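Only one structure is covered here, and it is reproduced in the block below.
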Amino acid sequence: MAMMTDTSPASVRGNHFLLHLIAALALLAIGGGYVLWEVFQFGKVQFNTTNAGIHWGLAIVTYDYFLLTSAGLAMVASLWHVFGLEEFRPVARRCLWLAMAGLIGGVAVLFLELGNPWIALWATPLNMQMASPLFWKVLLVGVYTILLAIVLFGMINKPDAGRNPLMMLVGLLALAITLVAGAVYGMMAMRPMWFGGEIPVVFLIESFMGALAFTVFFSHLKNGFSHGNMRPETRSLFEGTLARMFAISIALHFILHAGRAVTGLWSNAEGLQVWEYLVAQPMFHIALWGCVALPFVLMVLPATRSNGLMQVLASLLVMVGLLISRYEFIIGGQMVPLFKGTWAPDLLPYVPSTGEWALLVLAVGLANVVYAFAAWRLGAEDRG
Amino acid sequence: MPNWGMVIDLETCTGCQACTTACAMENSRLPGENWQDVLFYSEGEYPNLNISWLPRPCMQCENPSCVSVCPTRATYVDEGTGVVLVDWNKCIGCKYCMVACPYGVRFYMDEAPVVEPDVREAFPARGRRTWNPPFRMPDEYEDPSKGIGIQPSGVVSKCTFCHHKISQAPEGVADLDEDNPETREYTPACVRVCAPKARFFGDLDNPESKVNELIAEKGGVRLREETGNKPKVYYLSGGGSPVVPGSRSRRG
Chain D
0 MAMMTDTSPA SVRGNHFLLH LIAALALLAI GGGYVLWEVF QFGKVQFNTT
50 NAGIHWGLAI VTYDYFLLTS AGLAMVASLW HVFGLEEFRP VARRCLWLAM
100 AGLIGGVAVL FLELGNPWIA LWATPLNMQM ASPLFWKVLL VGVYTILLAI
150 VLFGMINKPD AGRNPLMMLV GLLALAITLV AGAVYGMMAM RPMWFGGEIP
200 VVFLIESFMG ALAFTVFFSH LKNGFSHGNM RPETRSLFEG TLARMFAISI
250 ALHFILHAGR AVTGLWSNAE GLQVWEYLVA QPMFHIALWG CVALPFVLMV
300 LPATRSNGLM QVLASLLVMV GLLISRYEFI IGGQMVPLFK GTWAPDLLPY
350 VPSTGEWALL VLAVGLANVV YAFAAWRLGA EDRG
Chain L
0 MPNWGMVIDL ETCTGCQACT TACAMENSRL PGENWQDVLF YSEGEYPNLN
50 ISWLPRPCMQ CENPSCVSVC PTRATYVDEG TGVVLVDWNK CIGCKYCMVA
100 CPYGVRFYMD EAPVVEPDVR EAFPARGRRT WNPPFRMPDE YEDPSKGIGI
150 QPSGVVSKCT FCHHKISQAP EGVADLDEDN PETREYTPAC VRVCAPKARF
200 FGDLDNPESK VNELIAEKGG VRLREETGNK PKVYYLSGGG SPVVPGSRSR
250 RG
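Protein sequences, first through last, are from chains D and L. Those letters in the first sequence? Residues 0 to 383, by numbering that gives the first Met the number 0. Those letters in the second sequence? Residues 0 to 251, by numbering that gives the first Met the number 0.
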């Protein structure tokens, strides 16, 4: 982005990527080391795989969180690449590298969680089970990964090459992945907490909201968390259009999340009693009020919207809140036992194992390694 | 081709769990991980208490959601018998079928032992098997492509209606009945050992079968019809209360 006006010394703008990479590698070593030790020592049973009823645990929460964030980031990048919104040009390249970083972090966790991941590589595309949303999800993610990699390889040599027509496909695939990921849960009529045609839309909004949060956070990280170090056009984006988009997406997320909770509390249908449990938990309110309502207020009020630290705070809160919401959604949908008899508890207990937390650490570490290395060596960020 | 189905008479069933034990022996199940289980339900409080039980094999649905969701077609309906099977060579262990099964009848191998001590450690595995139980079925019966035998790691398993037996049944028979010497060997283990004769197994497409007669005359019902899965296991409950009380209705 050579044409842009530089307002700060090069030394304060984005020369910390090596440090970031070292920190990320440390995180990856801790999470990945623990995960691999457990897998080789005890097997994947350490990831809380159980027949009691919670079949998808924190590992799947992590995978979906990273995958949907990746898809959202590709959509944000498409605002410039596909729709030509010039305002988003300064963040488009960052978003695409972050999309790849998130994708790698999420898929790595999925591979570690799956029983036979290598069989999935050939058995899924070759058996063409078109009735399965997971078939489409795997297919779409595969093509998305390849196309995103092509776009990024093109950027390594020509970081300022302009809008890439291939991004039309990448953006479309990101949209489709998000909707299909929602359908994976929304189609489950036997699990009333998940069931509903609105779930793909919920996922779409959450994906976009999460992507905006990551864009804000990593843009500030790149500038040493100093608003003053930002290029004027980037600052203008974060105080204007992007902040408003962020606020609107947070509001939509609040409406859909709170609306589903209220509907669940009101209904007498078997399976929806899980909402009584979820709403009684402090985490639900931390996520809804602290990590959704508060960031909304921060992004709506002009004084806080234009404050860099408040932007960072809002983005961090949304990132955490989204993880909690996704956890509540995926785990909560399985908590009412199906055909286990009276001697099973009314709601199945679930606490993530140390191995599952390590998978989350691994995903965060790996995604940051990819991004920081790309920023340091592959031109993901302008350096000085 | 026969369309095998099962009828379970809840008025005759005593909840003795002989079916559970026979299934475990026949199919080399891990203790506590029962393809065929008997679920117990209690309603009310002492002294106004009612206890009921429900034998629950795989429902072998006509329109199975587990088959639809499987991304690799590892779960499929066997054309010769109409039974839902799992191809362990294709199963990726994503557990979507377990999530999508309304009846909770699927099992993943990689879990902490349900019953201690872990018998897998007492009978360590050779080759692809995850353990090597002394009571396993003859090796020649094992067929990983049908989910029959000792489960390998990282795959999902389920009741096969004793596919290795029923698939050998003489052509054209209406019922597989343990009282009939000609069909005894082909009768599923859970049906064969049922002491009060609460289980019947036959061809749902054959109008002469005993199972069809019972379903018609005694008002056979299927579980969770609202899901559209169309189970091929029918329950005879005397036309009384719902077979399975929901947890909300139990709480009153």
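For each residue, glycine too, the CB sits at the ideal point set by N, CA and C. Every value quoted in this text rests on a predicted model; they were computed, and no experiment measured them.
Just the Cα atoms here: how many angstroms apart are residue i and residue j?
| i | j | result |
| --- | --- | --- |
| Phe202 (chain D) | Phe106 (chain L) | 29 Å |
| Leu138 (chain D) | Pro124 (chain D) | 7 Å |
| Leu358 (chain D) | Gly30 (chain D) | 6 Å |
| Glu10 (chain L) | Ile118 (chain D) | 46 Å |
| Glu25 (chain L) | Met127 (chain D) | 34 Å |
| Gly170 (chain D) | Pro89 (chain D) | 18 Å |
| Phe122 (chain L) | Tyr185 (chain L) | 29 Å |
| Leu178 (chain D) | Gly332 (chain D) | 18 Å |
| Ser77 (chain D) | Phe213 (chain D) | 15 Å |
| Val243 (chain L) | Glu225 (chain L) | 14 Å |
| Gly32 (chain D) | Ser208 (chain L) | 60 Å |
| Thr303 (chain D) | Leu72 (chain D) | 24 Å |
| Val220 (chain L) | Lys196 (chain L) | 18 Å |
| Thr80 (chain L) | Lys339 (chain D) | 28 Å |
| Tyr64 (chain D) | His163 (chain L) | 43 Å |
| Gln280 (chain D) | Leu271 (chain D) | 16 Å |
| Met282 (chain D) | Leu297 (chain D) | 21 Å |
| Val150 (chain D) | Ala374 (chain D) | 16 Å |
| Asn228 (chain L) | Trp135 (chain D) | 22 Å |
| Asp176 (chain L) | Val190 (chain L) | 8 Å |
| Leu95 (chain D) | Glu380 (chain D) | 11 Å |
| Arg243 (chain D) | Val299 (chain D) | 7 Å |
| Ala1 (chain D) | Arg230 (chain D) | Bear in mind that a pLDDT of 36 at Ala1 (chain D), under 50, signals an unreliable position, so the number given afterwards is only what the model happens to contain. Their backbone Cα atoms lie some 12 Å apart in a straight line. |
| Phe295 (chain D) | Met99 (chain D) | 27 Å |
| Lys254 (chain L) | Leu84 (chain D) | No answer is possible for residue 254 (chain L): the residues shown for chain L start at 0 and end at 251. |
| Met3 (chain D) | Asn222 (chain D) | Model confidence at Met3 (chain D) stands at a pLDDT of 40, short of 50, so the residue's coordinates are unreliable; what they give is reported in the following sentence. Looking at the two C-alpha atoms, the distance is approximately 15 Å. |
| Glu355 (chain D) | Ile165 (chain L) | 42 Å |
| Phe87 (chain D) | Leu220 (chain D) | 17 Å |
| Val210 (chain L) | Gly218 (chain L) | 11 Å |
| Thr6 (chain D) | Thr233 (chain D) | For Thr6 (chain D), the pLDDT reaches just 46, beneath the cut-off of 50, and the residue's location in the model is therefore unreliable, leaving the point undetermined. |
Just curious, the beta strand (DSSP E) that residue i is in, first and last residue?
| i | result |
| --- | --- |
| Met318 (chain D) | Not the beta strand (DSSP E): Met318 (chain D) falls in the alpha helix (DSSP H), residues Gly307 to Gly331. |
| Trp3 (chain L) | Trp3 to Asp8 |
| Val232 (chain L) | Val232 to Leu235 |
Given a threshold of 16 other Cβ atoms within 10 Å of its Cβ, counted over all protein chains shown, does residue i qualify as buried or as exposed?
| i | result |
| --- | --- |
| Asn156 (chain D) | exposed |
| His19 (chain D) | buried |
| Pro132 (chain L) | buried |
| Ser225 (chain D) | exposed |
| Tyr45 (chain L) | exposed |
| Asp159 (chain D) | exposed |
| Leu308 (chain D) | exposed |
| Glu78 (chain L) | exposed |
| Thr48 (chain D) | buried |
| Thr353 (chain D) | exposed |
| His284 (chain D) | exposed |
Would you list the residues sitting across from residue i in a DSSP beta bridge?
| i | result |
| --- | --- |
| Tyr75 (chain L) | L:Leu84 |
| Tyr107 (chain L) | L:Val155 |
| Ile176 (chain D) | In DSSP, Ile176 (chain D) forms no bridge with anything. |
| Asp174 (chain L) | L:Gly201 |
| Ile254 (chain D) | Ile254 (chain D) pairs with nothing; no bridge assigned. |
| Ile147 (chain L) | L:Asp142 |
| Val220 (chain L) | L:Tyr234 |
| Arg162 (chain D) | Answer is none; Arg162 (chain D) lacks a bridge partner. |
| Arg281 (chain L) | The requested residue 281 (chain L) is not part of the displayed model; chain L covers only 0 to 251. |
The alpha helix (DSSP H) that contains residue i, what's its start and end?
| i | result |
| --- | --- |
| Tyr140 (chain L) | From DSSP, Tyr140 (chain L) is part of no alpha helix (DSSP H); its letter is neither H nor E. |
| Ser206 (chain D) | Ile198 to Lys221 |
| Pro294 (chain D) | Leu293 to Val299 |
| Val151 (chain D) | The displayed chain sequence assigns Leu, not Val, to residue 151 (chain D). First-last of the alpha helix (DSSP H) with Leu151 (chain D): Pro132 to Asn156. |
| Met24 (chain L) | Ala17 to Asn26 |
| Asn228 (chain D) | No alpha helix (DSSP H) holds Asn228 (chain D); DSSP gives it neither H nor E. |
| Lys164 (chain L) | His162 to Ile165 |
| Ala121 (chain L) | Val118 to Ala121 |
| Cys189 (chain L) | Ala188 to Arg191 |
| Tyr349 (chain D) | Premise fails: Tyr349 (chain D) is in no alpha helix (DSSP H) and is neither H nor E. |
| Leu277 (chain D) | Val273 to Val278 |
| Cys96 (chain L) | Tyr95 to Ala99 |
| Phe134 (chain L) | Phe134 (chain L) -> no alpha helix (DSSP H), and no H or E assigned at all. |
List the residues of chain C whose Cβ lies closer than 8 Å to the Cβ of residue i, in chain order.
| i | result |
| --- | --- |
| Ala111 (chain L) | Checking the listed chains, one finds no chain C in this structure; the protein chains it contains are D and L. |
Output the residue ranges of the beta strand (DSSP E) runs that lie fully inside the stretch 29 to 70 of chain L and measure 3 residues or longer, sorted by chain position.
DSSP assignment within the stretch 29 to 70 of chain L yields the following whole beta strand (DSSP E) runs of 3 residues or more, N-terminal first: 36 to 44 and 47 to 55.
Please specify which runs of the alpha helix (DSSP H), each continuous and at least 4 residues long, are wholly inside the stretch 37 to 119 of chain D, giving them in chain order.
57 to 80 and 88 to 112
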